[in-house]
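Novice:
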Amino acid sequence: MKSATTDLPIELHDKCFELSISEVDLEARINTLGQAITSDMGEKDPLVLVVLKGAFVFAADLLRALEFDPEVEFIFLSSYKGMESSGDVKLLRGFDVDRVKGRTILVVEDIIETGTTIRVLNDFLRENGAVDVRLATLLFKPASLKEHTEPDYVGFEIAREFVVGYGLDYEQRGRSLPRIYKLKAEG
Ligand code: IMP
Ligand code: MG
-7 MKSATTDLPI ELHDKCFELS ISEVDLEARI NTLGQAITSD MGEKDPLVLV VLKGAFVFAA
53 DLLRALEFDP EVEFIFLSSY KGMESSGDVK LLRGFDVDRV KGRTILVVED IIETGTTIRV
113 LNDFLRENGA VDVRLATLLF KPASLKEHTE PDYVGFEIAR EFVVGYGLDY EQRGRSLPRI
173 YKLKAEG
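Just so we're aligned, residue -7 is where the sequence shown starts under this note's numbering, counting upward by one.
(1) Say the cut is 7 Å; is the CB of F87 nearer than that to a heavy atom of the ligand IMP?
(2) Please list, in chain order, all residues of the same chain as A28 whose beta carbon is under 7 Å from its beta carbon, the five residues on each side excluded.
(3) Report yes if the C-beta distance between I13 and I172 is below 8 Å; otherwise report no.
(4) Hey, is the stretch 45 to 56 in contact with the stretch 90 to 105, meaning 3+ C-beta pairs nearer than 8 Å?
(5) Quick check: the stretch 82 to 95 against the stretch 157 to 176, are at least 3 beta-carbon pairs closer than 8 Å?
(6) Counting along the chain, where does the alpha helix (DSSP H) carrying F48 start and finish?
(7) Can you tell me the Cα-Cα spacing of E63 and R91, whole angstroms?
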């Protein structure tokens, strides 16, 4: 079961997770990001490209924190197996790439770990004529990077730890949790 309002640990499959980032902290940070994106990018009329599945909750809150009304598209990428990034990025479902040509794109991601997913997506967008690609990610694990990436907007930098909740999953569970949890150390 989901723990609704407490900060008690939770179980998903065979693993135990503990609170990492609360709803209050998520909301405050996302509002700040929304304001920064509005003032930096509002005039450029960016196409917002949400990376599914993980970024859907973050995107829903971030979009409502913007003070402009952008076009929104979704791309469905997958690179994860269990608790590890496979390094092999699969395009599971795309969108009409003609919409990218000549546009400024704001990619919305849940988390950047190795940086591979975002590098592949960035190359794809540039090849299809995007003039500028900016990146907003809720979470960033700088210690896990394998490819150079500098996200433009970062919600929270976190350590090399596995997290779930607020859109992020462990083996397809945990996405509906309203806050971020991290894997609890054993013992
Ligand atoms: P990257 O290609 O290694 O940067 O991996 C990025 C993708 O892996 C993210 O979009 C997530 O979907 C997934 N991912 C990375 N770290 C975590 C985590 O701690 N929990 C859940 N999913 C993660
Ligand atoms: Mg993702």
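The beta-carbon is built from N, C-alpha and C at its ideal position, and this holds for glycine as well.
All values reported here derive from a predicted model rather than from experimental measurement.
Specialist: Looking at the coordinates:
(1) Residue mapping note: residue 87 aligns to position 95 of the sequence shown, counting from 1. No, the beta carbon of F87 sits no closer than 7 Å to any heavy atom of the ligand IMP.
(2) The residue you call residue 28 lines up with position 36 of the sequence shown. If we look at A28 and ignore the five residues flanking it on each side, its Cβ neighbours are Y145.
(3) Here the question's residue 13 lines up with position 21 in the sequence shown. Here the question's residue 172 lines up with position 180 in the sequence shown. Closer than 8 Å, so yes.
(4) yes
(5) no
(6) Reading the sequence shown from its first residue, position 56 is the one you call residue 48. From DSSP, the alpha helix (DSSP H) with F48 extends over 48 to 57.
(7) Taking the first residue of the sequence shown as 1, we reach residue 63 at position 71. Taking the first residue of the sequence shown as 1, we reach residue 91 at position 99. E63 and R91: Cα-Cα distance of roughly 10 Å.
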